[in-house]
Amino acid sequence: MVHFGHANALRQAKALGDKLIVGVHNDDEIIKHKGPPVFTEEERYKMVAGIKWVDEVVEGVPYVTNLEVLDKHDCDFCVHGDDITMTADGVDTYSFVKAAGRYQEIQRTAGVSTTDLVGRMLLLTRQHFRRGEFEYDVAKEHSSTMGQDSSAKSPWTGCSQFLPTTQKIIQFSDGKPPKPGDKIIYAAGAFDLFHVGHLDFLEKARAKGDYLIIGLHTDPVVNRYQGSNYPIMNLHERVLSVLACKYVSEVVIGAPYIVTEDLLDHFKVDLVVHGKTPIANDENGLDPFAIPKRLGKFLIIESGNDMTTKKIVERIITNRLKYEQRNLEKEKKELQVWQYVQDNNLQSNQIIVKN
Ligand code: C5P
Numbered sequence: 001m002v003h004f005g006h007a008n009a010l011r012q013a014k015a016l017g018d019k020l021i022v023g024v025h026n027d028d029e030i031i032k033h034k035g036p037p038v039f040t041e042e043e044r045y046k047m048v049a050g051i052k053w054v055d056e057v058v059e060g061v062p063y064v065t066n067l068e069v070l071d072k073h074d075c076d077f078c079v080h081g082d083d084i085t086m087t088a089d090g091v092d093t094y095s096f097v098k099a100a101g102r103y104q105e106i107q108r109t110a111g112v113s114t115t116d117l118v119g120r121m122l123l124l125t126r127q128h129f130r131r132g133e134f135e136y137d138v139a140k141e142h143s144s145t146m147g148q149d150s151s152a153k154s155p156w157t158g159c160s161q162f163l164p165t166t167q168k169i170i171q172f173s174d175g176k177p178p179k180p181g182d183k184i185i186y187a188a189g190a191f192d193l194f195h196v197g198h199l200d201f202l203e204k205a206r207a208k209g210d211y212l213i214i215g216l217h218t219d220p221v222v223n224r225y226q227g228s229n230y231p232i233m234n235l236h237e238r239v240l241s242v243l244a245c246k247y248v249s250e251v252v253i254g255a256p257y258i259v260t261e262d263l264l265d266h267f268k269v270d271l272v273v274h275g276k277t278p279i280a281n282d283e284n285g286l287d288p289f290a291i292p293k294r295l296g297k298f299l300i301i302e303s304g305n306d307m308t309t310k311k312i313v314e315r316i317i318t319n320r321l322k323y324e325q326r327n328l329e330k331e332k333k334e335l336q337v338w339q340y341v342q343d344n345n346l347q348s349n350q351i352i353v354k355n
């Protein structure tokens, strides 16, 4: 998947240099070494290119990074998180760049991983919802082999859930207010499991003006109109996912479902936009966009992309067995490497050789 943990890695990588080039593996390489990807290679190339710290994407790079790839793209060094990754044959994927002294490490983001997100989707868990103190008790009650608890077991992600801080929001945010005369666009939604459909929508929305504000609905609000265990990502996680997108200027954390005149005035909104997906009325049967519509400030935008959060979940459920197997194997492999690293007192930036 592509999630805000990756965005945070790319943010740290960019800070180590002037230009960030991201190599993305194709589907065949991922299937061979890691198991089935959730997003196709085309989707992943596009999603990575949409992250604001990325200057360039190189498509279909080899799973084991070699010096030829670095030289071809004029890269001084290669950056990876402080977990150890191995090929299917037990070779350290960064052995060549480590040996050449062209390797730098960044900190992995604890509490977010593809394994965890896939677990939430398959188990229909809701313990990731943000409702205050209560959520922690629920999390403790529901122990399982996947979902929140699998990341607790993972030696590198370490902690059972992502712990959002104001520091992280500051790091992700541009911190720039609109300039005088900027045309301000507002869109609201769930933006759950941030995907290519959202990205295409945001690109079109941003093109309608100069400054794009995204209002994110709270978890109970999203759950009211989407049901089941939606949203898969809680509000804090969705905030970071949306902030990482290069078209977004600002995020409202927990936006009112009804777009009020107050909100339009407060943010000096010129235009409210929405995609072609259905618009649910509020609990009283009211159209959330009635006010901007009456003011002539509402526009439907065609993203040209039919991806939805539900489609991602369907993909996971259709391939349930494959993903369950993927998660079990990945966890087993990680624990084995972790044990080996501990037994031999190794550091993650050393070359790890284990068969
Ligand atoms: O469904 P959600 O609330 O996440 O959608 C956020 C915004 O993105 C909505 O305006 C929706 O219509 C738009 N969207 C889109 N094309 C997609 C998916 C979402 O235009 N494929």
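Take 1 as the starting number for the sequence shown in the UniProt record's numbering and just add one per residue. Cβ atoms here follow ideal geometry from the backbone N, Cα and C, with glycine treated the same way.
- Out of 23, 325, 253 and 284, the CA that lies nearest to the CA of residue 65 is found in 23.
- Unbroken alpha helix (DSSP H) runs of no fewer than 4 residues, entirely contained in the UniProt domain "Cytidyltransferase-like" (187 to 286), are found at 196 to 207, 219 to 226, 235 to 243 and 261 to 266, following chain order.
- In the three-state DSSP reduction, residue 101 falls in the coil class, being neither helix nor strand.
- At a Cβ-Cβ threshold of 8 angstroms, residue 106 and residue 193 do not count as neighbours.
- A residue is called buried once 16 or more other Cβ atoms fall within 10 Å of its Cβ, and residue 301 is buried on that count.
- Between the alpha carbons of residue 280 and residue 261 lies a distance of about 19 angstroms.
- Judged by DSSP secondary structure, residue 122 falls within the alpha helix (DSSP H) whose first and last residues are 114 to 123.
- Here residue 40 has 27 as same chain residues with Cβ atoms under 8 angstroms from its own Cβ, once five neighbours each way along the sequence are excluded.
- Its chain contains 38, 118, 121, 122 and 323 as the residues whose beta carbon lies nearer than 8 angstroms to that of residue 316, once the 5 sequence neighbours on both sides are disregarded; these appear in chain order.
- Contiguous alpha helix (DSSP H) elements confined to the UniProt domain "Cytidyltransferase-like" (1 to 118) occur at 4 to 15, 27 to 33, 41 to 49, 67 to 72 and 95 to 99, taking only those with 4 or more residues.
- Between the stretch 226 to 235 and the stretch 76 to 92, the count of Cβ pairs shorter than 8 angstroms is below three; the stretches do not touch.
- If the five residues before and after residue 244 are omitted, its C-beta is found closer than 7 angstroms to the C-beta atoms of 4, 7, 51, 52 and 172, all from its own chain and listed in chain order.
- Residues 247 of the same chain have their beta carbon placed closer than 6 angstroms to that of residue 203, with the five preceding and five following residues left out of the count.
- When secondary structure is reduced to three states using DSSP, residue 129 falls in the coil class, being assigned neither helix nor strand.
- Residue side-chain check: residue 113 keeps its Cβ at 7 angstroms or more from all non-hydrogen atoms of the ligand C5P.
- Judged by their CB atoms, residue 45 and residue 29 are not nearer to each other than the 8 angstroms cut-off.
- As the crow flies, the alpha-carbon of residue 230 is around 8 angstroms from that of residue 126.
- In the same chain as residue 191, and ignoring 5 residues on each side of it, the C-beta atoms closer than 8 angstroms to its own belong to 198, 214, 216, 238, 241 and 242, in chain order.
- Taking C-beta separations shorter than 8 angstroms and ignoring five residues to either side along the sequence, the partners of residue 268 in its chain run 178 and 184, following chain order.
- With 5 angstroms as the limit, the residues whose C-beta approaches a heavy atom of the ligand C5P more closely than that are 189, 190, 191, 197, 201, 274, 275, 277, 303, 305 and 307, in chain order.
- With a threshold of 16 other beta carbon atoms within 10 Å, residue 327 meets it and is buried.
- In this structure residue 103 touches residue 77 by the C-beta definition: roughly 6 angstroms separates them, less than 8 angstroms.
- A straight line joining the alpha-carbon of residue 283 with that of residue 298 spans about 21 angstroms.
- Ranked by how close their Cα comes to the Cα of residue 252, the residues 56, 188, 265 and 310 have 188 in first place.
- Rounded to whole angstroms, residue 176 and residue 169 show a C-alpha spacing of 13 angstroms.
- In this structure, residue 54 places its C-beta atom within 8 angstroms of the C-beta atom of residue 20.
- For the 8 angstroms CB-CB criterion, residue 276 and residue 303 form a contact.
- When DSSP states are grouped into helix, strand and coil, residue 184 belongs to the strand group.
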